[in-house]
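**Student:** First the structure, which I've put down as structure tokens, then a few questions once you've had a look.
Numbering (my numbering), first residue to last: 422 to 607.
Quick look at the structure:
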């Protein structure tokens with residue numbers, strides 16, 4: 422890096438920092454600065470990152486705890502699909518007891534009430550793997566409804582047969598079938 426560029430970047434003090442437009446720098450200095458920033462922006466990590474030792478969570482919560490990843494069902498009062506494609510991650514419940522004074526459920530587990538929200542399933546799985554948690558995930562209903570093309574044609578044929586059947590057609594039309602059973606003389 423040239424002395425002029427170093428002087429611009431570092432400055433001689435906090436009050437003396439001054440930014441020059443790119444035109445005042447020479448072309449070679451500007452290209453040199455661009456090349457150095459390109460080299461410093463690329464970071465590659467070859468191994469899988471596990472941050473479970475850095476989080477401060479006790480080992481008993483990491484090694485023996487399961488995490489459940491799912492898409493929650495829509496509310497019965499919810500008609501739209503806005504904000505319903507979120508994936509949630511919740512931890513399993515442990516060590517609950519009933520409080521004798523009020524009858525409330527109590528727990529000493531800080532993770533039992535924690536629910537995390539993610540935009541995709543892959544983000545939730547990556548978070549669980551990064552924290553060293555064992556996870557299970559559910560398939561969504563849209564993935565389970567996939568049909569084979571043969572089943573589709575059978576379904577269409579069944580609908581056509583159902584439409585051709587006339588359930589309320591009978592030979593005694595426009596004749597009353599009512600009779601008084603109490604005073605029937607027959």
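Here a beta-carbon is modelled for each residue, glycine too, at the ideal position from N, C-alpha and C.
Throw me the rounded Cβ distance for the residue 483 and residue 554 pair, which I believe falls under 8 Å.
**Tutor:** Indeed they touch by this definition, with Cβ atoms about 6 Å apart.
**Student:** Leaving out five residues before and five after residue 512 in sequence, what residues of the same chain have Cβ atoms less than 7 Å from its Cβ?
**Tutor:** Correct list, in chain order: 486, 488, 532, 533, 535.
**Student:** Taking all protein chains shown into account, decide if residue 490 is buried (16 or more other Cβ within 10 angstroms of its Cβ) or exposed.
**Tutor:** Answer is buried; the Cβ neighbour count reaches 16.
**Student:** Express the C-alpha separation of residue 514 and residue 526 in angstroms, rounding to a whole number.
**Tutor:** Between residue 526 and residue 514, the C-alpha separation is close to 12 Å.
**Student:** Look at the Cβ atom of residue 505, then the Cβ atom of residue 495, and state whether they are nearer than 8 Å.
**Tutor:** Cβ distance < 8 Å, so residue 505 and residue 495 count as in contact.
**Student:** Following the continuous beta strand (DSSP E) through residue 542, name the residue where it begins and the one where it ends.
**Tutor:** Careful: residue 542 lies outside any beta strand (DSSP E), inside the alpha helix (DSSP H) at 542-551.
**Student:** Measure the beta-carbon distance from residue 510 to residue 537 and round it to whole angstroms, keeping in mind my assumption that it falls under 8 Å.
**Tutor:** Correct: roughly 4 Å between the Cβ atoms.
**Student:** Taking the DSSP output, what are the residues bridged to residue 525?
**Tutor:** Paired residue(s): none; residue 525 is not in a bridge.
**Student:** For the putative contact between residue 508 and residue 542, defined by C-beta atoms under 8 Å, what is the C-beta separation to the nearest angstrom?
**Tutor:** With a Cβ gap of about 5 Å, residue 508 and residue 542 count as contacting.
**Student:** Under the rule that 16 or more other beta-carbon atoms within 10 Å means buried, what is residue 610, buried or exposed?
**Tutor:** It is not possible to answer for residue 610, since the shown part of the chain is limited to 422 through 607.
**Student:** Distance check for residue 481 and residue 522, CA to CA, integer angstroms please.
**Tutor:** Looking at the two C-alpha atoms, the distance is approximately 30 Å.
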